[in-house]
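Input: a single structure, listed below in structure tokens.
Protein chains: 2
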Amino acid sequence: AVAAPALSADLPTIKWRLASSFPKSLDTIFGGADVVAKRVAAATGGKFQIQVFAAGEIVPGPGVLDAVKDGTVECGHTCSYYFIGKDPTFAFETAVPFGLNSRQQTAWMMDGGGLELFREFFKDYNIYNIPCGNTGAQMGGWFRKEIKTVQDLNGLKFRCGGFAGQVLAKLGVVPQQIPGGDIYPALEKGTIDAAEWIGPYDDQKLGFNKVAKYYYYPGFWEGGPQIAMYVNQKQWASLPKEYQTILEDACLYAHAEMQARYDAKNPNALKQLVGSGTQLRPFPNEVMAAAYKAANELYEETAAKNAKFKKIYDSWKKFRDDQLQWFAVAENRFDNFMQAARSASAKASKK
Amino acid sequence: AVAAPALSADLPTIKWRLASSFPKSLDTIFGGADVVAKRVAAATGGKFQIQVFAAGEIVPGPGVLDAVKDGTVECGHTCSYYFIGKDPTFAFETAVPFGLNSRQQTAWMMDGGGLELFREFFKDYNIYNIPCGNTGAQMGGWFRKEIKTVQDLNGLKFRCGGFAGQVLAKLGVVPQQIPGGDIYPALEKGTIDAAEWIGPYDDQKLGFNKVAKYYYYPGFWEGGPQIAMYVNQKQWASLPKEYQTILEDACLYAHAEMQARYDAKNPNALKQLVGSGTQLRPFPNEVMAAAYKAANELYEETAAKNAKFKKIYDSWKKFRDDQLQWFAVAENRFDNFMQAARSASAKASKK
Chain U
-5 AVAAPALSAD
5 LPTIKWRLAS
15 SFPKSLDTIF
25 GGADVVAKRV
35 AAATGGKFQI
45 QVFAAGEIVP
55 GPGVLDAVKD
65 GTVECGHTCS
75 YYFIGKDPTF
85 AFETAVPFGL
95 NSRQQTAWMM
105 DGGGLELFRE
115 FFKDYNIYNI
125 PCGNTGAQMG
135 GWFRKEIKTV
145 QDLNGLKFRC
155 GGFAGQVLAK
165 LGVVPQQIPG
175 GDIYPALEKG
185 TIDAAEWIGP
195 YDDQKLGFNK
205 VAKYYYYPGF
215 WEGGPQIAMY
225 VNQKQWASLP
235 KEYQTILEDA
245 CLYAHAEMQA
255 RYDAKNPNAL
265 KQLVGSGTQL
275 RPFPNEVMAA
285 AYKAANELYE
295 ETAAKNAKFK
305 KIYDSWKKFR
315 DDQLQWFAVA
325 ENRFDNFMQA
335 ARSASAKASK
345 K
Chain G
-5 AVAAPALSAD
5 LPTIKWRLAS
15 SFPKSLDTIF
25 GGADVVAKRV
35 AAATGGKFQI
45 QVFAAGEIVP
55 GPGVLDAVKD
65 GTVECGHTCS
75 YYFIGKDPTF
85 AFETAVPFGL
95 NSRQQTAWMM
105 DGGGLELFRE
115 FFKDYNIYNI
125 PCGNTGAQMG
135 GWFRKEIKTV
145 QDLNGLKFRC
155 GGFAGQVLAK
165 LGVVPQQIPG
175 GDIYPALEKG
185 TIDAAEWIGP
195 YDDQKLGFNK
205 VAKYYYYPGF
215 WEGGPQIAMY
225 VNQKQWASLP
235 KEYQTILEDA
245 CLYAHAEMQA
255 RYDAKNPNAL
265 KQLVGSGTQL
275 RPFPNEVMAA
285 AYKAANELYE
295 ETAAKNAKFK
305 KIYDSWKKFR
315 DDQLQWFAVA
325 ENRFDNFMQA
335 ARSASAKASK
345 K
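Top line first, the protein sequences correspond to chains U and G. Note that our numbering has the first sequence beginning at -5, numbered continuously upward. Note that our numbering has the second sequence beginning at -5, numbered continuously upward.
See the structure below:
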């Protein structure tokens, strides 16, 4: 157990560029790529350098897939569900409405066959994908008016992510695609009626509470959205085994840390929002039940005409059902008891 | 972006021994140390080797703390709550009754101050600790008779972990300390009335369902127990920065993977157990509420006489309260809706 100084003279010197789909202002989600870059550099004595570029610096946020595929950059940090226009199958690598929660998504990926299925799927895009972050269940977004029935969704101009938009369109919503930076003015002017972004910590930064009063939950279309590291297949294959392992481990470090950071930072942000007048509202059961039905219909319709989608959907669906059955036992009973105990103790301390 | 072959000629060659507190038969929890060893070797071209020894091979399971502290081995894979006999403060690094769930525990460690507090605490033991696995909420264990009231706990000889034993003793339980391998015969002969171990996947291997009919949930004393890598402080300091990062990242990889493996493997094991006649039972609310009260009393009593305990308990308690408040919003509402939808769909398919 004697350690001489590590000079690493024979390890190759590599410089990569990473294109992020996120703006620098979102320190948790954008920060995941920075964490990877720093840890890879530290693990290699600075020989493997990854320079991180925010959305728009090399390519715009939605351009990350093509940039990695075509080798414009060696790697990217993004969410696969941005690319459902190419193939709806992408959605499962991030999140689909009424899907897996954060832990279940990681379990599907790392021990439930999800990663193998997506490594195969991504071959057509010259991409090697690695889980690299999760936000946890997101909030349902900011609404200028209350949503009390399914009818209230009719004609509602709602800024929301792709697959969620298709589900909600079945209930009358008119989904809006607007970049993060343009949401605030659109909501302020009333060009849109509602917008969802991520959760308290990120939403507070963008100030949505100043232009919409009602903050709905949960974002049932994103119960545990995973962020991914995309690596160009050829670049991945050219890495020595050491660097492949180092990069993959750094991604999993960032994966755990991003979820931890969201969990640790959201509570205080939510308290501040509520303290400044934000009205918290759960989506009515009726609305969620109608959306659940619409989502399942959309999955069946899509599976009937897309074999790649069907293959992954079948694995995912069985995994989800098994997870729900197991989580109903120890996990949810524990969580629900803790919630009941908290409520009881909050009530008692008010007396 | 050109990669020459990696020879790593100047990285030091290091051989470490790792003492695990777990038997080889538990592939998920023991396996976490194997995952770390393999990934560290792969990341260093085989230069940093960690040889993993199961409980009893170098030291017995409960001897891991002293073995790392004294430098008998360079590192160990264990649960800190085995060492509450030295100081009850250890418990928080794994789990305490009615504590954090798996995600919350990781959040506390990685972004809530928990790791900093424990790095300080562990200095007295010459140990640098790294999160390295979690099982998720455990099951409450195997009981020969049903538990319907708090009175049913009176005189019950229950094999259970340390801090849980102290809480349950306040309710009349007579806690039993028995190594994993001796539980089956004790339960079969009726020397003990009940025993808790981990969860369906591990419990099934030990065959407890053959000698006890009732399988209770949740293990409210282990809502999200963390497994730790202990590294001897002097050995840690002697590692080059590269190896420190590589080891830490490999631990976080194993951390995410162990939880994933438990989540992916438990559902099927539970189905098989129920299929073979095991009776699933939730602990009655009355029992959990009494245990919750007893746990809080124990924490306050311990904090009053142990400053180290108090310091960590205060941080932990505030973090737990904040987490519960936030999880009550998006996270639990999402999980509970998914459970309700599953139940409804299961009922509909039976018609």
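C-beta: ideal position from N, C-alpha, C; glycine also. Please read all numbers here as calculations on a predicted model, not as lab measurements.
For residue i, the three-state DSSP class (helix, strand or coil)
i, result
"Gln396(G)", "In this structure chain G extends from -5 to 345, so residue 396(G) is not present and cannot be described."
"Ile221(U)", "strand"
"Thr72(U)", "strand"
"Arg97(U)", "helix"
"Val168(G)", "strand"
"Arg138(G)", "coil"
"Phe116(U)", "helix"
"Ser14(U)", "strand"
"Pro173(G)", "coil"
"Gly57(U)", "helix"
"Asn148(G)", "coil"
"Val323(G)", "coil"
"Gly65(G)", "coil"
Beta carbon proximity, residue i to chain U, threshold 8 Å
i, result
"Trp215(G)", "no"
"Thr143(G)", "no"
"Ile240(G)", "yes"
"Lys353(G)", "Residue coverage of chain G in this structure runs from -5 to 345, which leaves residue 353(G) outside it and unanswerable."
"Tyr286(G)", "yes"
"Leu162(G)", "no"
"Asp4(G)", "yes"
Residue environment, residue i, which counts as buried when at least 16 other CB atoms sit within 10 Å
i, result
"Gln198(U)", "buried"
"Lys41(U)", "buried"
"Leu147(G)", "buried"
"Asp243(G)", "buried"
"Leu246(G)", "buried"
"Pro173(G)", "exposed"
"Gln145(U)", "exposed"
"Asp348(G)", "The structure shown has nothing for residue 348(G), since chain G only spans -5 to 345."
"Ala347(G)", "Residue coverage of chain G in this structure runs from -5 to 345, which leaves residue 347(G) outside it and unanswerable."
CB contact check: residue i to chain G, cutoff 8 Å
i, result
"Phe24(U)", "no"
"Gly184(U)", "no"
"Ser96(U)", "yes"
"Glu325(U)", "yes"
"Glu236(U)", "yes"
"Asp64(U)", "no"
"Gln132(U)", "yes"
"Gly135(U)", "no"
"Asn260(U)", "yes"
"Phe92(U)", "yes"
"Ala206(U)", "no"
"Gly193(U)", "yes"
"Arg33(U)", "yes"
"Met282(U)", "yes"
"Ala101(U)", "yes"
Proximal chain G residues relative to residue i, where beta-carbon distance stays under 8 Å
i, result
"Tyr247(U)", "Glu242, Asp243, Leu246, Tyr247"
"Arg138(U)", "Here the premise fails: no neighbours, minimum Cβ distance about 20 Å."
"Gly176(U)", "The residue you asked about is not Gly; residue 176(U) is Asp in the sequence shown. Near Asp176(U) there are no residues of chain G at all, since even the closest Cβ is about 24 Å away, more than 8 Å."
Whole-angstrom C-beta distance between residue j and residue i, which should lie under 8 Å
i, j, result
"Ile141(U)", "Val281(U)", "6 Å"
"Gly218(U)", "Leu94(U)", "5 Å"
"Phe92(G)", "Phe214(G)", "6 Å"
"Gly135(G)", "Ala180(G)", "Not really, about 13 Å apart at Cβ, beyond 8 Å."
"Ile121(U)", "Val62(U)", "6 Å"
"Tyr224(G)", "Leu5(G)", "Going by Cβ atoms, the distance from Tyr224(G) to Leu5(G) rounds to 24 Å, so no, they are not a contact pair."
"Pro82(G)", "Asn300(G)", "7 Å"
"Tyr152(G)", "Tyr178(G)", "For the sequence presented, residue 152(G) should be read as Phe rather than Tyr. Rounded, the Cβ-Cβ distance is 15 Å, inconsistent with contact."
Proximal residues of chain G, C-beta to C-beta of residue i below 7 Å
i, result
"Leu318(U)", "Met332, Gln333, Arg336"
"Tyr211(U)", "Val323, Ala324, Arg327"
"Met104(U)", "Ala250, Glu251, Ala254"
"Pro276(U)", "Arg327"
Cross-chain neighbours of residue i in chain U, by beta carbon under 7 Å
i, result
"Gly127(G)", "The premise fails here: Gly127(G) is roughly 11 Å from chain U at the closest Cβ pair, so nothing lies under 7 Å."
"Asp21(G)", "Per Cβ cutoff of 7 Å: no residues; Asp21(G) is ~12 Å from chain U at best."
"Asp60(G)", "The contacting residues do not exist; Asp60(G) stays about 18 Å from chain U at best."
Contacts that residue i makes with chain U (C-beta to C-beta distance below 8 Å)
i, result
"Ala37(G)", "Ala37, Glu236, Thr239, Ile240, Asp243"
"Leu264(G)", "Gln319, Trp320, Val323"
"Trp28(G)", "With the sequence shown as reference, residue 28(G) is identified as Asp, and Trp is not the correct amino acid for it. In chain order: nothing, as chain U lies at least about 15 Å away."
Beta-carbon neighbours of residue i, restricted to chain U and to distances below 9 Å
i, result
"Asp118(G)", "Near Asp118(G) there are no residues of chain U at all, since even the closest Cβ is about 22 Å away, more than 9 Å."
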